[in-house]
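> Residue numbers for the sequence shown, in mature numbering (1 follows the signal peptide of the UniProt record, and there is no 0): -21 to -1, 1 to 156.
Shown below is the structure under consideration.
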Amino acid sequence: MKKMLVIGGGALLLLGGGAAAGMYAGGKLGGGGHEEKKEDPNAPKLVLKEGEHGPQTAKGHDGDNTPDDTGIYKATYYPIEQSFTSNLTDTNGFAQLGLGVSTYYDQKVIDNLKENEMPVRSAILLTLADQEAEVLSTPEGKKMLQKKLKVAINDVLKQTTGFGGIDDVYFTSFIIS
């Protein structure tokens, strides 16, 4: 009887200890899981305008990294050197675009864009080739294309570097033929 009591008590102790360890590791008991997400020290930082104060990291309202209050941050502009030429989907015509981008983040975003120029150019050309001439001939169509290009560029940068950071896309030239 005494032997069964000792064995039963030992088994109960092991079960209880295992359950407690699992709860601790899962964050249910004072540890584990409650750890705050640490910021990557190599991640791009927002650049404040001179004399402004605000956070140097942002999570935009629309799920990208564009800060909600862009007025306090300094934009960096970068013209993409070569133009883009592509056939359009609905005609025998083509579009030729010159592009520039801007970011409210530090030079790391522009460096990432330069380092990943080949996949970024490919994404831009694929997006451009999927457009219709009639749509692109309107101001609304051009604005829609800007948004699509921003998403395409940021998607490539997120896949290759883990961070997008392009806030706007600008046309430096725009020809539809």
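Every residue, glycine too, gets a C-beta built ideally from N, C-alpha and C.
Model, not experiment: these values are computed from the prediction.
Could you pull the DSSP bridge partners for ILE154 from this structure?
Translated into the one-based positions of the sequence shown, residue 154 becomes position 175. In DSSP, ILE154 forms a bridge with GLN75.
> Which whole-angstrom value describes the C-beta separation of ASN133 and GLY141, a residue pair presumed to lie in contact below a C-beta threshold of 8 Å?
Residue mapping note: residue 133 aligns to position 154 of the sequence shown, counting from 1. Residue mapping note: residue 141 aligns to position 162 of the sequence shown, counting from 1. Not quite, the Cβ-Cβ distance comes to about 12 Å (not below 8 Å), so this is no contact.
> Exposed or buried, which one is ASP129 when buried takes at least 16 other CB atoms within 10 Å?
Start at 1 with the first residue of the sequence shown, and residue 129 comes out as number 150. Checking the displayed sequence, the identity of residue 129 turns out to be Lys instead of Asp. Result: buried.
> Run the CB neighbour count on LEU136, radius 10 Å, all protein chains shown included, and call it buried at 16 or more, exposed below.
Locating residue 136 in the sequence shown gives position 157, counting from the first residue. It counts as buried.
> Let me know if ASP146 comes out buried or exposed under the rule of 16 or more other beta-carbons within 10 Å of its beta-carbon.
By one-based count along the sequence shown, residue 146 stands at place 167. Burial call: buried.
> Alpha carbon to alpha carbon, what distance is there between GLY30 and PRO98?
Indexing the sequence shown from 1 puts residue 98 at position 119. Indexing the sequence shown from 1 puts residue 30 at position 51. For PRO98 and GLY30, the distance between alpha carbons rounds to 37 Å.
> Under the three-state reduction of DSSP, which class applies to ASP147: helix, strand or coil?
Reading the sequence shown from its first residue, position 168 is the one you call residue 147. It is a strand residue.
> Reducing DSSP to helix, strand and coil, say where SER62 ends up.
Within the sequence shown, residue 62 is the residue found at index 83, counting from 1. Looking at SER62 - three-state DSSP - the assignment turns out to be coil, as it is neither helix nor strand.
> Candidates GLU94, THR68, THR55 and VAL148: which alpha carbon is nearest LEU78's?
Sequence index remark: in the sequence shown, residue 78 carries index 99 (1-based). Of the candidates GLU94, THR68, THR55 and VAL148, the one whose C-alpha sits nearest the C-alpha of LEU78 is VAL148.
> Got a sec? Which residues, its chain only, sit under 7 Å from PRO58 by beta carbon, not counting five neighbours each side?
Locating residue 58 in the sequence shown gives position 79, counting from the first residue. Cβ within range, chain order: GLY79 and THR151.
> First and last residue of the alpha helix (DSSP H) that includes LYS126?
On the sequence shown, residue 126 is found 147 positions in, with the first residue counted as 1. Its alpha helix (DSSP H) spans residues 118 to 140.
> Give every residue of the same chain whose Cβ lies closer than 6 Å to the Cβ of HIS40, excluding the five residues on either side of it in the sequence, and list them in chain order.
The count along the sequence shown starts at 1 and reaches residue 40 at position 61. At HIS40, the pLDDT of 40 sits below 50, so the modelled position is not reliable; the number obtained from the coordinates is stated separately. ASP47.
> Taking the alpha-carbon positions, what's the ALA108 to LEU124 distance?
As a position in the sequence shown, residue 108 is number 129, starting the count at 1. As a position in the sequence shown, residue 124 is number 145, starting the count at 1. The alpha-carbon atoms of ALA108 and LEU124 are separated by roughly 11 Å.
> Taking all protein chains shown into account, do 16 or more other C-beta atoms lie within 10 angstroms of the C-beta of TYR56, making it buried, or fewer, making it exposed?
For this step, residue 56 is matched to residue 77 along the sequence shown. So TYR56 counts as exposed.
> Report buried or exposed for GLN110, applying the criterion of at least 16 other Cβ atoms within 10 angstroms of its Cβ.
Stepping through the sequence shown from its first residue, residue 110 is reached at position 131. The residue in question, GLN110, is buried, as its Cβ has 16 or more Cβ neighbours within 10 Å.
> When the distance is taken between beta carbons, is PHE73 closer than 7 Å to SER156?
By one-based count along the sequence shown, residue 156 stands at place 177. By one-based count along the sequence shown, residue 73 stands at place 94. In this structure, PHE73 lies closer than 7 Å to SER156 by Cβ.
> Does VAL99 come out as helix, strand or coil in the three-state DSSP assignment?
Here residue 99 corresponds to residue number 120 of the sequence shown, with the count starting at 1. If DSSP states are grouped into helix, strand and coil, VAL99 belongs with the helices.
> Assign THR106 to one of three DSSP states: helix, strand, or coil.
On the sequence shown, residue 106 is found 127 positions in, with the first residue counted as 1. THR106: helix per DSSP, three-state reduction.
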